[in-house]
Amino acid sequence: MNPIPHFKERALTIEKRKKEFLNIAEKTGTPLYLYDKAEVQNNYRAFTSAFKKAGTDIQVFYAVKSNFYPGLLKTLVEEGGNLDVSSDRELRLALKAGAKKIIYTGPAKTEKDFELILDNYKKITVNLESERELELLAKMAAKRKIVARCGVRIVTAMQAGWTKFGIPIEKLADFFRKAQKYPSLNFCGIHFHISFNHSPEKYVRTLSELAHYLFSNFTKEERDKFEYLDIGGGYYPEHFMARYSWNPDQTTNLPPETLDRVFEDKFESRIVPICTDPIEVFAAQISSTLKTKIRPLIPNAEFYAEPGRFISHSSMHFLLRLMDIKEGRIGITDGGTNLVGWELFQFYYYAPIFNLSQFSVTREIPFVTYGSLCTPEDLWGYYLYTAGKPKEGDVLLIPYQGAYTYALCQTFIKEIAPVYDLDQN
Ligand SMILES: Cc1ncc(COP(=O)(O)O)c(C=O)c1O
């Protein structure tokens with residue numbers, strides 16, 4: 011059995027919906043992104059309820075960058091979620107989705123960015139990235155005679171390699187004191203972000219370092235001014251993905267014999283699962299650190315989080331059709347990997363591909379599925395779940411792949427496929 015966590019139950023869910031997907035392929039055509047609202051609802055509820063059970067009320071600001079599909083943003087808002095945006099483009103989408111509260115994060119904000127932010131200042135909290143941003147926002151808000159709500163992004167030892175962002179934690183107290191001098195700013199927050207966490211360890215260590223810094227460098231009166239602590243995104247979900255055992259380092263320089271070895275099924279274990287703590291473990295440890303170390307120091311602060319991938323990872327499925335079969339072991343689909351924007355499945359991750367026309371959850375054969383772009387660097391996967399020999403015209407599904415795929419799609423050679431909302435009927 012496939013070692014991906016919860017493989018069987020999720021594959022059986024796909025089997026139950028096989029007819030629905032095949033009908034969509036017939037009626038609407040392929041390639042398509044299928045948007046799955048129920049997945050987004052489940053992921054949002056799992057995240058918020060894990061923190062609630064752990065005793066922390068955390069406000070979710072979904073990171074729009076992970077999947078900006080307007081239907082997904084609408085679902086989040088309907089669920090009571092807020093949105094985290096990083097550009098004026100994303101801000102417009104968030105406003106259109108009806109978000110009541112928005113966080114604006116991201117480097118090198120321009121005067122134009124701040125104009126749109128200030129047009130909507132009652133809904134927006136700005137996470138600043140530099141002294142230049144602080145001064146510019148203060149000046150522009152003063153000109154409009156309004157007060158802009160903001161905080162600053164900090165970088166600690168846990169954000170190694172992310173030094174282009176924010177300010178070093180050692181500069182937080184000076185930054186805070188400078189910001190307090192501007193009557194046009196309500197400077198009241200601290201933000202950090204750490205990507206790709208398979209366990210809560212880095213959150214706990216960042217929070218502990220922050221607590222130590224706040225205790226040593228701020229007076230109580232100063233600390234009482236903090237209204238929010240935003241602990242960013244980076245909570246890795248139990249993704250419907252794995253790594254190839256024969257490419258653990260995710261090299262783009264595969265030895266030329268790799269394909270032959272795949273076809274001969276020479277690799278003993280084809281894939282290696284990605285192990286991630288369940289969200290309950292993240293919530294329990296983060297919550298406990300917030301309660302014991304942070305809450306006593308900044309008692310007026312609310313807690314915010316910006317999960318992206320965790321919410322969107324299963325929000326979309328790709329529906330494709332096999333157009334050509336070559337030598338019985340290579341298939342070319344009508345959709346290219348411009349749908350995901352890069353060589354995600356060629357070199358980096360394995361995702362199960364199901365032949366909906368000949369469904370099986372147990373029989374996975376070596377079979378290379380390419381896309382239709384005019385380049386060999388256009389590959390969906392090296393294995394295929396199929397009950398029989400794949401045939402031209404068969405419909406394929408790559409399920410649960412919504413994070414940083416649709417958001418990275420490109421008009422390279424082909425048009426970007428339309429999105430079909432599964433909730434529309
Ligand atoms: C500031 C910020 N918040 C949230 C996220 C979302 O991260 P993830 O999708 O890993 O949860 C990112 C991603 O890079 C980010 O830069």
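Everything in the sequence shown is counted per our numbering, starting at 11 for the first residue and increasing by one. Ideal Cβ placement from N, Cα and C applies to all residues, glycine included. Source: prediction; values computed, not measured.
Using only the alpha-carbon positions, how far apart do residue i and residue j sit?
i      : j      : result
Asp287 : Pro210 : 8 Å
Gln420 : Gly351 : 5 Å
Val429 : Phe175 : 33 Å
Arg20  : Asp433 : 18 Å
Leu86  : Asn92  : 7 Å
Lys155 : Phe292 : 42 Å
Pro317 : Lys401 : 40 Å
Leu300 : Gly243 : 16 Å
Leu182 : Ile296 : 22 Å
Lys28  : Leu366 : 6 Å
Asn130 : Ile68  : 23 Å
Asp98  : Ile321 : 22 Å
Phe250 : Ala294 : 24 Å
Leu32  : Glu100 : 33 Å
Ser436 : Glu88  : Within the shown structure, residues of the chain are numbered from 11 to 435, placing residue 436 beyond reach of any answer.
Trp390 : Phe355 : 5 Å
Arg142 : Glu121 : 11 Å
Phe225 : Lys149 : 31 Å
Gly338 : Arg280 : 20 Å
Glu237 : Ala315 : 14 Å
Lys303 : Lys63  : 19 Å
Ser96  : Asp234 : 28 Å
Pro178 : Ala152 : 27 Å
Leu332 : Tyr380 : 9 Å
Gln260 : Phe357 : 6 Å
Val405 : Pro15  : 25 Å
Ile342 : Leu83  : 33 Å
Give the DSSP-derived three-state secondary structure of residue i in the structure shown.
i      : result
Thr372 : coil
Glu278 : coil
Ala417 : helix
Thr40  : coil
Asp129 : helix
Ala56  : helix
Leu32  : helix
Gly81  : helix
Asn348 : helix
Val378 : strand
Val272 : helix
Ala73  : strand
Asp388 : coil
Tyr245 : strand
Tyr359 : coil
Ile284 : coil
Leu147 : helix
Asn227 : helix
Ala107 : coil
Ala189 : helix
Leu394 : strand
For residue i, which residues does DSSP report across the bridge?
i      : result
Val162 : Leu138, Ile200
His327 : Leu44
Asn365 : Leu406
Phe313 : Ile68, Leu239
Tyr213 : DSSP, once it has assigned bridges, lists no residue as partnering Tyr213.
Val429 : Tyr43
Lys336 : Ile340
Asp94  : Ala73, Ile113
Ile177 : Ile164
Ala252 : Pro283, Tyr360
For residue i, verify whether its CB is less than 6 Å away from any heavy atom of ligand 2.
i      : result
Pro317 : This structure simply doesn't include ligand 2; it includes ligand 1 instead.
Comparing the C-beta of residue i with each C-beta of chain B, is any distance below 7 Å?
i     : result
Leu42 : Annotation note: the requested chain B is absent from the structure, which comprises a single protein chain.
Could you tell me whether the segment 394 to 401 touches the segment 358 to 366, where touching means 3 or more Cβ pairs closer than 8 Å? yes
Is the segment 70 to 77 touching the segment 218 to 238 in the sense that three or more CB pairs, one from each, lie closer than 8 Å? no
Counting pairs of beta carbons, one from the segment 113 to 132 and one from the segment 157 to 177, are three or more of them closer than 8 Å? yes
Would you check if the segment 263 to 271 and the segment 185 to 203 touch, i.e. whether three or more CB-CB distances between them fall below 8 Å? no
Count Cβ pairs between the segment 296 to 312 and the segment 29 to 43 that sit closer than 8 Å; are there 3 or more? no
Does the count of Cβ pairs from the segment 200 to 208 and the segment 371 to 390 closer than 8 Å reach three? no
Does the segment 341 to 357 come close enough to the segment 95 to 113 that 3 or more CB-CB pairs lie under 8 Å? no
Mind the definition here: the segment 46 to 64 touches the segment 321 to 331 only if three or more C-beta pairs lie below 8 Å; say whether that holds. yes
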